[in-house]
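Novice: Note that our numbering has the first sequence beginning at 4, numbered continuously upward. Before anything else, here's the structure in question.
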Amino acid sequence: MAREIAKAYEPQQIEPRWAEFWVREELFKADVNAPGPVFSIVIPPPNVTGSLHIGHMLDHTEIDILTRWHRMRGFNTLYLPGMDHAGISTQRVVVRQLAEQGIDYRKLGREEFVKRVWQWKEESGGAILRQMKQIGESCDWSREKFTFSAELSPVVLQVFVRLHKEGLIYRGHYMVNWCPSCQTTLSDLEVNHEERQGHLWHIKYPVSGTDEFLVVATTRPETMLGDTAVAVHAEDERYRHLVGKKALLPLMNREIPIIADEMVDREFGTGAVKITPAHDPNDFEAGRRRGLEEIDVMTDDAHINANGGVYAGLDRFVARKKIVEDLRAQGFLEKTTDHTLSLGLCERCKTIVEPRASTQWFCKMKPLAEPAIEIVERGEIRIVPDNRREEYFHWLRNIRDWPISRQLWWGHRIPAWYCKPDGHITVSIEKPAKCGECGSAELVQDPDVLDTWFSSALWPFSTLGWPNENAPDFKKYYPTSLLITGYDILFFWVAKMIMMGLHLTGKVPFRAVYLHSLVRTASGEKMSKSKGTGLDPVALNQQYGTDAMRFCLASMAAPGTDIVLSNDRLAGARNFANKIWNAARFLFMNLDKFERGGTSLEELAAPEVRAQAPYAAGGAVPLIDGWLFARLTSTIETVNDALASYRFHEAAQSVYQFFWGDFCDWYIEWVKPELLSADSERAVAAWRNLFAAFDAALRLLHPIMPFLTEELWHQLPQAAGAKSIALGAFPEVRAKWKNEAARREFALIQEVIAALRNIRAEMKMDPKKKVAAEFSSGDAEIRRVMEANREGILRLAALSDFSIGSARLEQAGGALRSTAEFDLRIAYAVETLDLGAEVARLRKEIEGLEKAVAAKEQQLGDETFLSRAPEKIVTGLKATLAQQNVELKKLVERLAQLEKAA
RNA sequence: AGGCUCGUAGCUCAGUUGGUUAGAGCGCCACCUUGACACGGUGGAGGUCUGGGGUUCGAGUCCCCACGAGCCUACCA
Numbered sequence: 004m005a006r007e008i009a010k011a012y013e014p015q016q017i018e019p020r021w022a023e024f025w026v027r028e029e030l031f032k033a034d035v036n037a038p039g040p041v042f043s044i045v046i047p048p049p050n051v052t053g054s055l056h057i058g059h060m061l062d063h064t065e066i067d068i069l070t071r072w073h074r075m076r077g078f079n080t081l082y083l084p085g086m087d088h089a090g091i092s093t094q095r096v097v098v099r100q101l102a103e104q105g106i107d108y109r110k111l112g113r114e115e116f117v118k119r120v121w122q123w124k125e126e127s128g129g130a131i132l133r134q135m136k137q138i139g140e141s142c143d144w145s146r147e148k149f150t151f152s153a154e155l156s157p158v159v160l161q162v163f164v165r166l167h168k169e170g171l172i173y174r175g176h177y178m179v180n181w182c183p184s185c186q187t188t189l190s191d192l193e194v195n196h197e198e199r200q201g202h203l204w205h206i207k208y209p210v211s212g213t214d215e216f217l218v219v220a221t222t223r224p225e226t227m228l229g230d231t232a233v234a235v236h237a238e239d240e241r242y243r244h245l246v247g248k249k250a251l252l253p254l255m256n257r258e259i260p261i262i263a264d265e266m267v268d269r270e271f272g273t274g275a276v277k278i279t280p281a282h283d284p285n286d287f288e289a290g291r292r293r294g295l296e297e298i299d300v301m302t303d304d305a306h307i308n309a310n311g312g313v314y315a316g317l318d319r320f321v322a323r324k325k326i327v328e329d330l331r332a333q334g335f336l337e338k339t340t341d342h343t344l345s346l347g348l349c350e351r352c353k354t355i356v357e358p359r360a361s362t363q364w365f366c367k368m369k370p371l372a373e374p375a376i377e378i379v380e381r382g383e384i385r386i387v388p389d390n391r392r393e394e395y396f397h398w399l400r401n402i403r404d405w406p407i408s409r410q411l412w413w414g415h416r417i418p419a420w421y422c423k424p425d426g427h428i429t430v431s432i433e434k435p436a437k438c439g440e441c442g443s444a445e446l447v448q449d450p451d452v453l454d455t456w457f458s459s460a461l462w463p464f465s466t467l468g469w470p471n472e473n474a475p476d477f478k479k480y481y482p483t484s485l486l487i488t489g490y491d492i493l494f495f496w497v498a499k500m501i502m503m504g505l506h507l508t509g510k511v512p513f514r515a516v517y518l519h520s521l522v523r524t525a526s527g528e529k530m531s532k533s534k535g536t537g538l539d540p541v542a543l544n545q546q547y548g549t550d551a552m553r554f555c556l557a558s559m560a561a562p563g564t565d566i567v568l569s570n571d572r573l574a575g576a577r578n579f580a581n582k583i584w585n586a587a588r589f590l591f592m593n594l595d596k597f598e599r600g601g602t603s604l605e606e607l608a609a610p611e612v613r614a615q616a617p618y619a620a621g622g623a624v625p626l627i628d629g630w631l632f633a634r635l636t637s638t639i640e641t642v643n644d645a646l647a648s649y650r651f652h653e654a655a656q657s658v659y660q661f662f663w664g665d666f667c668d669w670y671i672e673w674v675k676p677e678l679l680s681a682d683s684e685r686a687v688a689a690w691r692n693l694f695a696a697f698d699a700a701l702r703l704l705h706p707i708m709p710f711l712t713e714e715l716w717h718q719l720p721q722a723a724g725a726k727s728i729a730l731g732a733f734p735e736v737r738a739k740w741k742n743e744a745a746r747r748e749f750a751l752i753q754e755v756i757a758a759l760r761n762i763r764a765e766m767k768m769d770p771k772k773k774v775a776a777e778f779s780s781g782d783a784e785i786r787r788v789m790e791a792n793r794e795g796i797l798r799l800a801a802l803s804d805f806s807i808g809s810a811r812l813e814q815a816g817g818a819l820r821s822t823a824e825f826d827l828r829i830a831y832a833v834e835t836l837d838l839g840a841e842v843a844r845l846r847k848e849i850e851g852l853e854k855a856v857a858a859k860e861q862q863l864g865d866e867t868f869l870s871r872a873p874e875k876i877v878t879g880l881k882a883t884l885a886q887q888n889v890e891l892k893k894l895v896e897r898l899a900q901l902e903k904a905a
């Protein structure tokens, strides 16, 4: 029965149905007892801060492509989905939402606020899951995880307790980055640096007991309120005599020591540095070395505090202005110069970060970093691309301790308890009955929560049942096979998972890391929703279809380079989807012609027939079929190689070329008459091969374009009774299909047809008029090939006749094309031909050929080349030269004839 | 300041160990509404690979320098 399907591919009509089907049927549920090698991958958990953006789409598309590809190749496959509570980011979102409703989150109180965040988590998380299902991700939904869930949170706390017991987590007073807007500590990674134009203020500090001044240069004059020393270099002749004396701190009228310290660079500024241990990392270190007092002059929201004297209550930048004015007025300001400085900005809110001495929880990184470096050096974890590997080493070798406490409410609360009277610390998951040191029963829990990356660091194993090492999932799927994520979180996340995984489980968390490109806007920025530069994936799906978006992303995802997505590119991918649809439409719509032949469709469905096609029936295989399956098998090979090394673009492009260029443009066009033929035997053979090739093409495409392929595949006879193409086999490379001769021969035919079409177009022959053509070649084998394929050539070049001979064709009464191997002529009334254009074309071609020939002749005349170049290159060059010379001669002769005629 | 990446057709980008007239998509030009597809078909124009130097028989491909673009890391007040 002929089947009619829609004329154009309408993804909206199809995708929701399959998305729902895949979930409902639990098609991708992993089974620890299933056979096959393991392929396991855990999702980089998206933040529950909203919905998925285009960057996630790339991430998820790549993961899903590899997952589906492995599954089809018989792996025991797990793709584990989940989400991240994303402490600071999510808290910010909810704080902002509340503010929009006029609610101050602090007034709500911690408990109520956290409740609100949970509500938001349900909403945002729900949206994310819907999107993931919508784009067809083949996850095991039964194993979905959340970093802050009742299941995972205890694991996080257990790890904290363990690392504390091991001395890797400690509480200490150190310099940290403080965001006055988020009002929390930040790690170095959460601070972005930006060059800004600033000033260097030169301030005169009077030296006590003398009438001298010591001039210090600073970029942040407001911090002088907390100065507790001035430092100079020990060997600086200018200041040597002042060391040991006191300076009088202007505005504050406090005496501070003048010290010598190696940290001072004599060349910079004035060579004298004010020391503010509470507000500068260097000064903090100096203060420690020298036992200087630390005076914190700022509040949590970066206003001057009571230690700042008359400036108390002023915002830090207002205070700066006022202080500079006052210094100037009182004669302490020597001068102001311009100075470019790199400012630290909060990654989340872009507020200028304040360095601040603060008591926080830290994680020791050096002992964790060393094994993490070694394991990658040994290649037990592969990092692709290579250059990211170097970045990884560099970062880990210079790593500093990680401040892990955050002054937030949304997150894993630190399991540390302080006793009321003395502040002794007891670390314990449950609230202890009494203080471990003094026995006090009055205990309060640390109000802080853990950095969100602390829990993400455990993700590959906490999601699989660890710390229970006998958990079936952990045993079966850990270490995971692969991690795919963006290179922007290599340090935030990837490195931490490796460190924690090695330390806690004793095994690598994954065997390979593929760091993919970022999706950028046309102007090269990271796409950003807040800047309005992001493309909305939901809208894109609506407009182009998920398959098109997936294909588009894959086709652009060359390792190591960022992606600039455009509507044009997406439209191209959609056109490809439509092309596939229409190729199928052609098949389905002519099914009746096949069935009329008396053979049932089921007969075509047998897998062993497909595996053998086109050689199943025995006997001579038509060139076109031999050629198509040769192309198919090499495409399969390319796709497999490409996916194995994360070259998604190569996989996508090669399957595109095969489907559109080979299958549609040449194969279908060539076999059309046979498919529609009344000769049932021929028709059956043609259909069998068509089904086999189309089936393989759909399977090849399925990992990239799951919806379209699922939809179409179910209409093929061989799909009868099967649940999903996703559970079927990926096409295999078959030695039987390799066919060098067919490839060579058909390439020749393609060349002949293209040349004939070219003559017709260039000579402006009437496209509707069939014309007679002559072919000649001195090579009997070539003549045989042409003879055997005359029918196809006649049709595809719109010829009325194609005569084949061995004698060289001479210029006369027609249009001619020559190559070294053959001549072609179309008989056509000479007077209607545009000879001028033909002469111009010939001249150009001759020019190009002459250059090529000259270059080769020169090379072949070079003794050093002949003696040093490999034999293969030399013989190849000679052969090409011979051919080009023959061709050149023909062209020159023809040009002469034409010029004579004109 | 250090490190990395990139600079190939009008645009966006491929080009895996250096090798035989450099590829794709989009755009452009011409022709074609042929019964799968105008989200289509056929043919075509268009780059000498940012510039300079070097290594090599041979370089878009390796090295150095310059220019341009971007990214990452960094406690010079």
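Here a beta-carbon is modelled for each residue, glycine too, at the ideal position from N, C-alpha and C. Since this is a predicted model, take the numbers as computed values, not measurements.
Less than 9 Å between the C-beta atoms of Gly39 and Phe78, yes or no?
Specialist: Yes, Cβ-Cβ distance for Gly39 and Phe78 is below 9 Å.
Novice: Under a three-way DSSP split, which group does Glu197 fall into?
Specialist: It is a strand residue.
Novice: Mind checking which residues open and close the alpha helix (DSSP H) that includes Trp584?
Specialist: Residues Asn570 to Met592.
Novice: Are the CB atoms of Pro709 and Asp67 nearer to each other than 9 Å?
Specialist: In contact: Pro709 and Asp67 (Cβ atoms closer than 9 Å).
Novice: Per DSSP, what are the beta-bridge partners of Gln186 in this structure?
Specialist: Gln186 is not bridged to any residue.
Novice: Taking the alpha carbon of Glu754 as the point to measure from, which residue in Glu147, Pro734 and Arg820 has its own alpha carbon closest?
Specialist: Closest option to Glu754, Cα to Cα, is Arg820.
Novice: Could you give the first and the last residue of the continuous alpha helix (DSSP H) run that contains Arg910?
Specialist: No answer is possible for residue 910: the residues shown for the chain start at 4 and end at 905.
Novice: To the nearest whole angstrom, what separates the beta carbons of Ser459 and Pro48, a pair I think is in contact under 8 Å?
Specialist: Sure, about 7 Å apart at Cβ, within 8 Å.
Novice: So, using beta-carbon positions, are Tyr395 and Phe494 closer together than 9 Å?
Specialist: Yes, these two residues count as a Cβ contact at 9 Å.
Novice: Give the single residue among Asp826, Val788 and His88 whose Cα lies nearest to the Cα of Phe749.
Specialist: The option with the nearest alpha carbon to Phe749 is Val788.
Novice: In terms of DSSP beta bridges, what is Trp181 paired with?
Specialist: Trp181 is bridged to Thr188 and Glu357.
Novice: In angstroms, rounded to a whole number, what distance separates the CA positions of Asp411 and Ala263?
Specialist: One detail in the question is off: residue 411 reads as Leu in this sequence, not Asp. Spanning the two alpha carbons is a distance of roughly 40 Å.
Novice: For Phe778, does the three-state DSSP call read helix, strand or coil?
Specialist: In this structure, Phe778 counts as strand in the three-state DSSP scheme.
Novice: Between which residues of its own chain and Pro61 is the CB-CB distance below 6 Å, once the five residues before and five after are set aside?
Specialist: Reading off the sequence, residue 61 comes out as Leu, not Pro. Correct list, in chain order: Val522 and Leu556.
Novice: Where does Phe271 fall in DSSP's three states?
Specialist: Note: Phe271 maps to coil in three-state DSSP.
Novice: What is the C-beta distance between Tyr480 and Val41, in whole angstroms, given that I count them as a contact (C-beta under 8 Å)?
Specialist: With a Cβ gap of about 6 Å, Tyr480 and Val41 count as contacting.
Novice: Return the CA-CA distance between Met4 and Glu848, expressed in angstroms with no decimal places.
Specialist: Bear in mind that the predicted position of Met4 carries a pLDDT of just 48, short of 50, making it unreliable; the figure below should be weighed with that in mind. Distance between the alpha carbons of Met4 and Glu848: 52 Å.
Novice: Thinking just about the alpha-carbon of each residue, which of Leu507, Arg811, Val321 and Thr883 is nearest to the one in Glu896?
Specialist: Taking only the C-alpha atoms, the option nearest Glu896 is Arg811.
Novice: Please state whether DSSP places Met4 in a helix, a strand or coil.
Specialist: Interpretation of Met4 is limited by its pLDDT of 48, a score under 50 that renders its predicted location unreliable; no figure is taken from the coordinates.
Novice: Ends of the beta strand (DSSP E) at Cys555?
Specialist: Element bounds for Cys555: not the beta strand (DSSP E) but the alpha helix (DSSP H), Thr549 to Met559.
Novice: For the stretch 691–702 and the stretch 659–671, state whether three or more C-beta atom pairs, one from each stretch, are separated by less than 8 Å.
Specialist: Flag = yes, the stretch 691–702 and the stretch 659–671 touch.
Novice: Tell me whether Leu453 sits in a helix, a strand or coil according to DSSP, three-state version.
Specialist: Three-state result, Leu453: strand.
Novice: Nearest by alpha-carbon distance to Gly548: which of Ile707, Asp644 and Gly489 is it?
Specialist: Considering only alpha carbons, the answer is Ile707.
Novice: Roughly how many whole angstroms lie between the Cα atoms of Ser484 and Leu703?
Specialist: Whole-angstrom Cα-Cα distance: 22 Å.
Novice: Using the beta-carbon count (16 or more within 10 Å), is Met255 buried or exposed?
Specialist: The residue is buried, with at least 16 neighbouring Cβ atoms inside 10 Å.
Novice: Assuming Glu297 and Pro280 are in contact, meaning their beta carbons sit under 8 Å apart, how far apart are those beta carbons, in whole angstroms?
Specialist: Indeed they touch by this definition, with Cβ atoms about 4 Å apart.
Novice: Which residue from Leu543, Gln721, Ala560 and Lys136 puts its Cα closest to that of Pro610?
Specialist: Nearest C-alpha to Pro610: Gln721.
Novice: Whole angstroms are fine: how far does the CA of Thr712 sit from the CA of Asp565?
Specialist: About 28 Å.
Novice: Can you give the beta carbon distance from Met500 to Trp462, rounded, assuming they're within the 8 Å contact cut?
Specialist: Confirmed, Cβ separation roughly 7 Å.
Novice: On the DSSP bridge assignment, give the partners of Ser345 in chain order.
Specialist: Beta-bridge pairing links Ser345 to Glu198.
Novice: Out of Met502, Thr362 and Gln104, which has the shortest C-alpha to C-alpha gap to Glu377?
Specialist: It is Met502 whose Cα lies nearest to the Cα of Glu377.
Novice: Alpha carbon to alpha carbon, how far is Thr302 from His196? Give it in angstroms, no decimals.
Specialist: Answer to the nearest angstrom: the Cα atoms are 23 Å apart.
Novice: Is Ala237 closer than 9 Å to Pro260 when the C-beta atoms are compared?
Specialist: In this structure, Ala237 does not lie closer than 9 Å to Pro260 by Cβ.
Novice: Would Leu802 and Lys767 be called neighbours here (beta carbons separated by less than 9 Å)?
Specialist: Taking 9 Å as the Cβ cut-off, Leu802 and Lys767 do not qualify as a contacting pair.
Novice: Let's see if you can read the secondary structure: which residues bound the beta strand (DSSP E) around Gln448?
Specialist: Here the beta strand (DSSP E) through Gln448 covers Leu446 to Gln448.
Novice: Applying the 10 Å Cβ sphere with the 16-neighbour rule, what's the burial state of Thr64?
Specialist: Thr64 is buried by the Cβ-count criterion.
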